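Novice:
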Amino acid sequence: MSELPKVLILGGTGFVGRNLVKYLVQNNLVSLVRASDKNKPEMSWLSPSDQQIFANPPVEYVMSNLCNPQSVEKAFTLPDGKEFDVVINLAAVGPYGQEPEFYDQKLLQLAKVCGAEAVKRKIPKWIEVSTAQVYKDDSKASSETAKLKPWTSLAKSKLEVEKALADMKLPLIIVRPAIIYGEGDVTGLMPRLVIGCVYKKLNEEMKFLWSGDLQINTVHVTDVCKAIWFLQEKGKVGEIYNLADSNKTTQEKVSSIISQIFGIKTGFAGTVVSNFAKLNFKKVVDDVNETHMQPWGEITAEANITRTPLSPFLDPELLLKTPLSVDGTKITKLGFKYDVPAPTKENLTQSINYWREINAFPPF
Numbered sequence: 001m002s003e004l005p006k007v008l009i010l011g012g013t014g015f016v017g018r019n020l021v022k023y024l025v026q027n028n029l030v031s032l033v034r035a036s037d038k039n040k041p042e043m044s045w046l047s048p049s050d051q052q053i054f055a056n057p058p059v060e061y062v063m064s065n066l067c068n069p070q071s072v073e074k075a076f077t078l079p080d081g082k083e084f085d086v087v088i089n090l091a092a093v094g095p096y097g098q099e100p101e102f103y104d105q106k107l108l109q110l111a112k113v114c115g116a117e118a119v120k121r122k123i124p125k126w127i128e129v130s131t132a133q134v135y136k137d138d139s140k141a142s143s144e145t146a147k148l149k150p151w152t153s154l155a156k157s158k159l160e161v162e163k164a165l166a167d168m169k170l171p172l173i174i175v176r177p178a179i180i181y182g183e184g185d186v187t188g189l190m191p192r193l194v195i196g197c198v199y200k201k202l203n204e205e206m207k208f209l210w211s212g213d214l215q216i217n218t219v220h221v222t223d224v225c226k227a228i229w230f231l232q233e234k235g236k237v238g239e240i241y242n243l244a245d246s247n248k249t250t251q252e253k254v255s256s257i258i259s260q261i262f263g264i265k266t267g268f269a270g271t272v273v274s275n276f277a278k279l280n281f282k283k284v285v286d287d288v289n290e291t292h293m294q295p296w297g298e299i300t301a302e303a304n305i306t307r308t309p310l311s312p313f314l315d316p317e318l319l320l321k322t323p324l325s326v327d328g329t330k331i332t333k334l335g336f337k338y339d340v341p342a343p344t345k346e347n348l349t350q351s352i353n354y355w356r357e358i359n360a361f362p363p364f
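By UniProt numbering, the letter at position 189 of the sequence shown is numbered 189, and the numbering carries on one by one without gaps.
1) Note down the Cα distance separating aspartate 104 from leucine 154, rounded to an integer number of angstroms.
2) Which term fits glutamate 346, buried or exposed, when burial requires 16 or more other beta carbons within 10 angstroms of its beta carbon?
3) Are glycine 270 and glutamate 205 close, meaning C-beta to C-beta below 8 Å?
4) Below 8 Å on the Cβ atoms is my contact criterion, and I expect threonine 322 with aspartate 137 to pass it. Report the Cβ-Cβ distance as a whole number of Å.
5) Pick from Gly17, Ile331, Val30 and Val25: whose alpha carbon is nearest that of glutamate 3?
6) Is there contact here, the segment 288-296 with the segment 249-265, by at least three beta-carbon pairs under 8 Å?
7) Whole angstroms is fine: what's the gap from methionine 1's alpha carbon to asparagine 28's?
8) List in chain order: all unbroken beta strand (DSSP E) runs of 3+ residues lying wholly within the segment 137-183.
9) Could you give the DSSP three-state label for methionine 1: helix, strand or coil?
10) Going by DSSP, what residues sit across from asparagine 242 in a beta bridge?
11) Going straight from the alpha carbon of alanine 178 to that of aspartate 286, what length do you get?
12) Let me check one thing: in DSSP terms, what residues is residue 370 bridge-paired to?
13) Are there 16 or more other CB atoms within 10 angstroms of the CB of threonine 300, so buried, or fewer, so exposed?
14) Should glutamate 117 and leucine 165 be called a contact, given that it needs their Cβ atoms to be closer than 8 Å?
15) Report the rounded CA-to-CA distance for arginine 356 versus valine 237, giving the unit in angstroms.
16) Which stretch, first to last residue, makes up the beta strand (DSSP E) that contains glutamate 60?
17) Alpha carbon to alpha carbon, how far is isoleucine 257 from glycine 297? Give it in angstroms, no decimals.
18) Quick one: is residue 383 buried, meaning 16 or more other Cβ sit within 10 Å of its Cβ, or exposed?
19) Who does methionine 206 pair with in a DSSP beta bridge?
20) Using DSSP with H/G/I as helix, E/B as strand and the rest coil, what is isoleucine 88?
21) Do you know offhand how far glycine 182's Cα is from asparagine 65's?
22) Thinking C-alpha only, which one of Leu189, Lys226 and Lys234 is nearest threonine 250?
23) Should the segment 298-317 be regarded as contacting the segment 225-239, the criterion being three or more beta carbon pairs within less than 8 Å?
24) Excluding five sequence neighbours on each side, which residues of the same chain lie with their C-beta closer than 8 Å to the C-beta of threonine 344?
25) Identify, in the order they occur along the chain, each residue of the same chain with its Cβ nearer than 6 Å to the Cβ of tryptophan 210, setting aside the five sequence neighbours on each side.
26) If you reduce the DSSP assignment to three classes, tell me which class threonine 250 lands in.
27) From Tyr241, Ser36, Ser139 and Lys333, pick the residue whose C-alpha is nearest to that of serine 78; which is it?
28) Leaving aside the five residues before and after lysine 207 along the sequence, list all residues of the same chain whose C-beta is less than 8 Å from its C-beta, in chain order.
29) Tell me the residue span of the alpha helix (DSSP H) that contains glutamate 346.
30) Do the CB positions of valine 87 and isoleucine 53 come within less than 8 Å of each other?
31) Where DSSP assigns a beta bridge to histidine 220, which residues make up the other side?
32) Rounded to whole angstroms, what is the Cα-Cα separation between asparagine 89 and lysine 158?
33) What does the Cβ neighbour count give for arginine 307, buried or exposed, with the cut at 16 atoms within 10 Å?
34) I'd like the list of long-range same chain contacts for leucine 172, defined as Cβ closer than 7 Å, with 5 residues on each side in sequence excluded.
35) State the Cα-Cα distance for the pair aspartate 327 and isoleucine 174, rounded to the nearest angstrom.
36) Among Gly12, Ala141, Gln350 and Val16, which one has its Cα closest to the Cα of leucine 193?
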């Protein structure tokens, strides 16, 4: 019987990274999984069960500056001259709305340095987790061959990373997920849940910009992890695979769940009001964010929460009338099955409870 694969996860303590480590360990899929990240596990908001997984074999943590060639060489080096069977890049993430220079350093340079090391070592497979925000906005679901027109600054940089890695002739498989949510989520659906908590405190109706039918397609993090490993085994090098559940998630569907969880009224500003807001969009969004930030600070203080990565802040890029409509069926033609068909009251409550367990989300 051949030895199980050895896996290097770049950005291994992040949201998707920790869930992927857990998936690989719990399903006995690897002989070694090395999580390489600048953030130590104990500083990465891991749940107690995640901390246990990271503290024991076959998991290794290596602290790395993945933009530094010497640090990257250390992350890639195994004893006895062996090499990793697959590298999975989950490090190309960051906040929305930053200047291009930020993404050049944090995403593009990181990918080039790590990619060069993988080429040098002849790593058999590289899985790049990008984003479905690279597609031109369209109410029709975007397949992998849809027109490209990234609509966030993060997505623009992600697309540059895809091209740079392809130019390096890496054995590359690209994954483009819709909005990822689940336990450990910070920037997917979680800001909307935080805002729901704020409106519970304010005892006011929570109104979203635009209309309820605006597409904000989703995929659960456990399905992302399952898909990454499925593609490691059955995906074709040189191919791109979208990830999105079949729910066709919209603002209306998410707001309905938020209403159920927090017992608040939710609604929509509509096109006329939203278009008026668009005339001075940045100021409107800044004012809205400020309206949310103060009560969130009060709620967390009352709950004796001194530190939390969660915030009601939403970048203006994410509030424009840009549908995220994604066709995630190509991977199913290889035999993949999504396990989580849609966001629900139950699984979004689980997302909240992940943070409540580590005292990062207040009771409500």
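Note that the Cβ used here is the ideal one computed from N, Cα and C, for glycine as well. If you're wondering where the values come from, they're calculated on a predicted model, not measured in any experiment.
Specialist: Taking the geometry as given:
1) 10 Å
2) exposed
3) no
4) 5 Å
5) Val30
6) no
7) Note that methionine 1 scores a pLDDT of 48, beneath 50, so its modelled location is shaky; the value from the coordinates is reported in the next line. Their Cα atoms are separated by approximately 14 Å.
8) 172-177 and 179-181
9) Any answer about methionine 1 is weak, because its pLDDT of 48 lies below 50 and its placement is not dependable; what the coordinates show is given next. Methionine 1: coil per DSSP, three-state reduction.
10) Arg176
11) 26 Å
12) Since the first and last residues shown for the chain are 1 and 364, residue 370 lies out of range.
13) buried
14) no
15) 40 Å
16) 59-63
17) 24 Å
18) This structure cannot settle anything about residue 383, because the visible part of the chain is limited to 1 through 364.
19) Thr266
20) strand
21) 27 Å
22) Leu189
23) no
24) Ile257
25) Ser274 and Lys321
26) strand
27) At residue 78 the sequence reads leucine, which differs from the serine that was named. Among Tyr241, Ser36, Ser139 and Lys333, the Cα nearest to that of leucine 78 is on Ser36.
28) Thr266, Gly267, Phe268 and Ala269
29) 345-357
30) no
31) Tyr181
32) 11 Å
33) exposed
34) Trp126, Glu128, Leu165, Ala166, Val237 and Gly238
35) 15 Å
36) Gln350
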